[in-house]
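Asker:
Chains as they are written, first to last, in our numbering: chain A, 252 to 546; chain B, 2 to 265.
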């Protein structure tokens, strides 16, 4: 169970990135499936080549931001629809990630030889090295930064772009730039999560981001269903998204205990997200039918 | 000052759906002019306003606002010169943001947005006073999401947003058409009040002949992408609906058969 919580928190960081594109910018960004491996690849390879762990982490975030920039340019400068822009970046990242990892599908990094920030090995330890504790600190700092940023003039213009693009332009906001900034921030956050995940599990795999968008959406939707009515503050909403990711991982853990074949997990995740995405739609249809009868 | 010089715009050019929306619009407005625009469906009224706002590029002609040639500028770079209120109350505001946040966005129109805080305490006090002038009680609901407001409240708020930073030109695009008659009258009165108090040059599209006659110091009528009638001064003051319909028949060679206009 501590393992599920630690993993959930690390994926929670990624889910916050998804929240920024999906909810704040209203942009379904599929780049994340690629970025979720890029961050780890950059961080692990730099560390294997002797780079300081914090510098490597920063470079990972930077790499993620470039991926976001690519998707943003596909969409704003080349007029490609959002989903397709993300898919194009995601696909190209597969090759790029392999190239970063010296054309191997995975690369290991040992916690005994390298100063990894979080590690699976310490998950039951009651000390400062516990990955749950460390990830919580990182989450708190990240949420604090985002809360500040989205309250600034630039942050407000990003939120306005997601809320009403026509109105934003009428108020003098360059919505293309706003979208690019948002995508860069979101993918930077996803890359951070990816780097931490590769530390946690002690290796980076080219496929580790596959389906990340679905996990991110699951976390966002779970948080919406459970806390949507309680948490109105932006910072609390981000906290809820992280909690959503933890709940997702606990549920997965339970399902695995019940004996589900691990290979079927992605099918299960997709079905759960599909159902939860459908609930608001079905509810609206049902309400419409009921009011129709009443009239 | 506004100068439109021979503006032309054709949508879907060289296809079966080709539609000449603006066919050589030339219009000069002086500072302080309040011009009402009337015309049937598809006459080009909204298209003219959208061309001024830069929603799409025009095919030919020049658009000069207050001495600045904006013809080639993208929409967001013209925004500092313009205030806009749209027909659909949903268009002018961000529903998921607070009332005060919407105002703060509008107050920064045309300014560089930085990493400074998006809304300051002093601003809040200014907004509270401005909202109070609307007489809708919005000053007590400044942190409410705009999505909770009624159509009339949203249009009033949009009007305030459009003028909170005095624009060179205010574009009102049938901004009361989606409201019930009572609310529409209220929003119109409010519009006139704001326009006259601040002496804002205004272009107001309406489908209501009576409103077109009652408001403003000048009236233009459009048909098939052209301005076919331009009445101002004393002549405008003495206008009647019958005179307008006759003028339309003369200028266009057809009768003004548009239910929406006749009934309103």
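By construction, the Cβ of each residue, glycine as well, lies at the ideal position given by its N, Cα and C atoms. Owing to the predicted nature of the structure, the values given are computational and were not obtained by experimental measurement.
Sorted by chain position, which residues of the same chain lie with C-beta nearer than 6 Å to residue 96/B's C-beta, five sequence neighbours on each side aside?
Answerer: 147, 148
Asker: Which of the three DSSP states is assigned to residue 45/B in this structure?
Answerer: coil
Asker: For the alpha helix (DSSP H) containing residue 384/A, list its first residue and its last residue.
Answerer: 382 to 400 is the span of the alpha helix (DSSP H), which, as asked, contains residue 384/A.
Asker: List the endpoints of the continuous beta strand (DSSP E) containing residue 20/B.
Answerer: 20 to 30
Asker: Looking only at C-alpha atoms, which of 516/A, 317/A, 293/A sits nearest to residue 431/A?
Answerer: 317/A
Asker: Does any C-beta atom of chain B lie closer than 9 Å to the C-beta of residue 353/A?
Answerer: No, residue 353/A does not count as interfacial toward chain B.
Asker: Counting only C-beta atoms, is residue 449/A closer than 9 Å to chain B at any point?
Answerer: no
Asker: Does DSSP put residue 87/B in a helix, in a strand, or in coil?
Answerer: coil
Asker: Could you tell me which chain A residues have their CB closer than 9 Å to the CB of residue 100/B, listed as they occur along the chain?
Answerer: Neighbours of residue 100/B on chain A: none; closest Cβ ~13 Å, over 9 Å.
Asker: Just the C-alpha distance for residue 397/A and residue 438/A, rounded to the nearest angstrom, thanks.
Answerer: When rounded, the distance between both Cα atoms is 14 Å.
Asker: For residue 186/B versus residue 178/B, is the C-beta distance shorter than 9 Å?
Answerer: no
Asker: Alpha carbon to alpha carbon, how far is residue 143/B from residue 33/B? Give it in angstroms, no decimals.
Answerer: 31 Å
Asker: Considering Cα atoms alone, identify which of 450/A, 538/A, 309/A is closest to residue 363/A.
Answerer: Ranked by Cα distance from residue 363/A, the options 450/A, 538/A, 309/A are led by 450/A.
Asker: When you compare only the Cα positions, how much space is there between residue 71/B and residue 476/A?
Answerer: 47 Å
Asker: Please compile the residues from chain A whose C-beta is within a distance smaller than 8 Å of the C-beta of residue 117/B.
Answerer: 403, 404
Asker: Please look up how many angstroms separate the CB atoms of residue 423/A and residue 80/B, rounded, as I've assumed it's under 8 Å.
Answerer: Confirmed, Cβ separation roughly 3 Å.
Asker: At least one CB of chain B closer than 9 Å to the CB of residue 388/A: is that the case?
Answerer: no
Asker: Determine the chain A residues that contact residue 85/B at a beta-carbon separation under 7 Å, and present them in chain order.
Answerer: 421
Asker: What do you get for residue 57/B, buried or exposed, if any count of 16 or more other CB atoms within 10 angstroms of its CB means buried?
Answerer: Classification for residue 57/B: exposed.
Asker: Would a check of beta-carbon distances place residue 418/A closer than 9 Å to chain B?
Answerer: yes
Asker: How about the stretch 402 to 415 of chain A and the stretch 281 to 295 of chain A: do they share at least three Cβ pairs that are nearer than 8 Å?
Answerer: no
Asker: Got a sec: is the Cβ-Cβ distance from residue 125/B to anything in chain A below 9 Å?
Answerer: Chain A, which has no Cβ nearer than 9 Å to the Cβ of residue 125/B, makes this no.
Asker: Anything in the stretch 150 to 179 of chain B with a Cβ closer than 7 Å to a Cβ of chain A? List those residues in chain order, please.
Answerer: From the stretch 150 to 179 of chain B, no residue has a Cβ closer than 7 Å to chain A.
Asker: Would a check of beta-carbon distances place residue 407/A closer than 9 Å to chain B?
Answerer: yes
Asker: Closer than 9 Å, CB to CB, is residue 484/A near chain B or not?
Answerer: no
Asker: Using the beta-carbon count (16 or more within 10 Å), is residue 122/B buried or exposed?
Answerer: exposed
Asker: Does DSSP put residue 546/A in a helix, in a strand, or in coil?
Answerer: With a pLDDT of 46 at residue 546/A, under the threshold of 50, the modelled position of that residue is not reliable, and the figure given next carries that caveat. It is coil, neither helix nor strand.
Asker: Using a Cβ-Cβ cut-off of 9 Å, state whether residue 92/B counts as contacting chain A.
Answerer: yes
Asker: Could you list which residues in chain A have their beta carbon closer than 7 Å to that of residue 62/B, in chain order?
Answerer: Residues of chain A passing the Cβ test: none, with the nearest at roughly 22 Å.
Asker: Exposed or buried, which one is residue 249/B when buried takes at least 16 other CB atoms within 10 Å?
Answerer: buried
Asker: Using a Cβ cut-off of 9 Å (strictly closer), state whether residue 400/A contacts chain B.
Answerer: yes
Asker: Could you tell me the distance, in whole angstroms, from the CA atom of residue 53/B to the CA atom of residue 64/B?
Answerer: Approximately 7 Å, taken between the alpha carbons.
Asker: Short of 8 Å in beta carbon distance, which residues of its chain neighbour residue 48/B, apart from the five on each side in sequence? Order them along the chain.
Answerer: 10, 22, 23, 226
Asker: Using only the alpha-carbon positions, how far apart do residue 261/A and residue 442/A sit?
Answerer: 11 Å
Asker: Give the interface partners of residue 76/B over in chain A, defined as CB-CB distance under 7 Å, in chain order.
Answerer: 420
Asker: Residue 105/B touches chain A at which residues, Cβ-Cβ below 9 Å?
Answerer: 404, 407
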